[in-house]
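K.L.:
Per our numbering, the very first residue in the sequence shown carries number 578; after that it's consecutive. By construction, the Cβ of each residue, glycine as well, lies at the ideal position given by its N, Cα and C atoms.
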Amino acid sequence: ASVLGVMLGNLGNALAAALGLAALLAVFATAFTVLKWAGAAYLVYLGVQALRAPRAAAAAAAPHVPPWRRVLRDGFWVALLNPKTTLFFAAFLPQFINPTGSALAQSVALGAVFVLIAACTDTAYVLLANRVALGRVPRGAAIGRYAQAAVYFGLGALAATAGQRPVR
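#1: Suppose you measure from the CA of residue 590 to the CA of residue 694; what does that come to, to the nearest Å?
#2: Tell me whether the segment 687-704 and the segment 580-588 touch, counting them as touching only if at least three CB pairs, one residue from each stretch, are closer than 8 Å.
#3: For residue 722 and residue 628, which I take to be in contact (beta-carbon distance under 8 Å), what is that distance rounded to the nearest angstrom?
#4: If you draw a straight line from the alpha carbon of residue 673 to that of residue 683, how long is it in whole angstroms?
#5: If we ignore side chains and look at the alpha-carbon of each, how far apart do residue 619 and residue 737 end up?
#6: Is residue 676 buried or exposed, if buried means 16 or more other CB atoms sit within 10 Å of its CB?
#7: Taking the CB atoms as reference points, tell me whether residue 733 and residue 617 lie closer together than 8 Å.
#8: Assign residue 667 to buried or exposed, taking buried as 16 or more other Cβ atoms, counted over all protein chains shown, within 10 Å of its Cβ.
#9: Let me know the secondary structure DSSP gives residue 634 once reduced to three states.
#10: So, for residue 580: in the same chain, excluding its five sequence neighbours on each side, which residues have a beta-carbon less than 8 Å away from its beta-carbon?
#11: Alpha carbon to alpha carbon, how far is residue 578 from residue 645?
#12: Comparing alpha-carbon positions, which option in 594, 690, 729 and 678 lies nearest residue 660?
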């Protein structure tokens, strides 16, 4: 569900780039900043949700697994609100566009290929994480909750500071 959500979010970014949104974000710093802060806020929200997870689930023998719809939604929003992905598509894909063909069709096709390749690697990460999680002891679930929150907070901080120049 998470991989599917990330795929849909990345596909949204690819379509936005194909339609020129990426060019607008590159030109209008305010739009980039708003999108960047929305993505950072959502990552912090996910960190808070990880901390608020029921402690009983952490103590249970089986780890707490959120509903697949929530996992799909979270993956979608994290991927869609990542302005770096949109800017990547805008900077990278035009190099492979044949000027004699439809730029929109080619951009969408190249974006879809990227999303499919990324889905393969993301699926490999999920399968690896699942294998590691199977060996996890129940006591480790509580630690995992804090580690998950720390990762989200760290990603939120990185997203918030992305693109900022150091102050001298």
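P.N.:
Well, looking at it:
#1: 15 Å
#2: yes
#3: 7 Å
#4: 8 Å
#5: 11 Å
#6: exposed
#7: yes
#8: buried
#9: Residue confidence is low: residue 634 scores 48 on pLDDT, short of 50, so the model does not pin down where it sits. Its coordinate-derived value is still stated next. DSSP places residue 634 in helix when its eight states are reduced to three.
#10: 652, 696, 699, 700 and 703
#11: 6 Å
#12: 594
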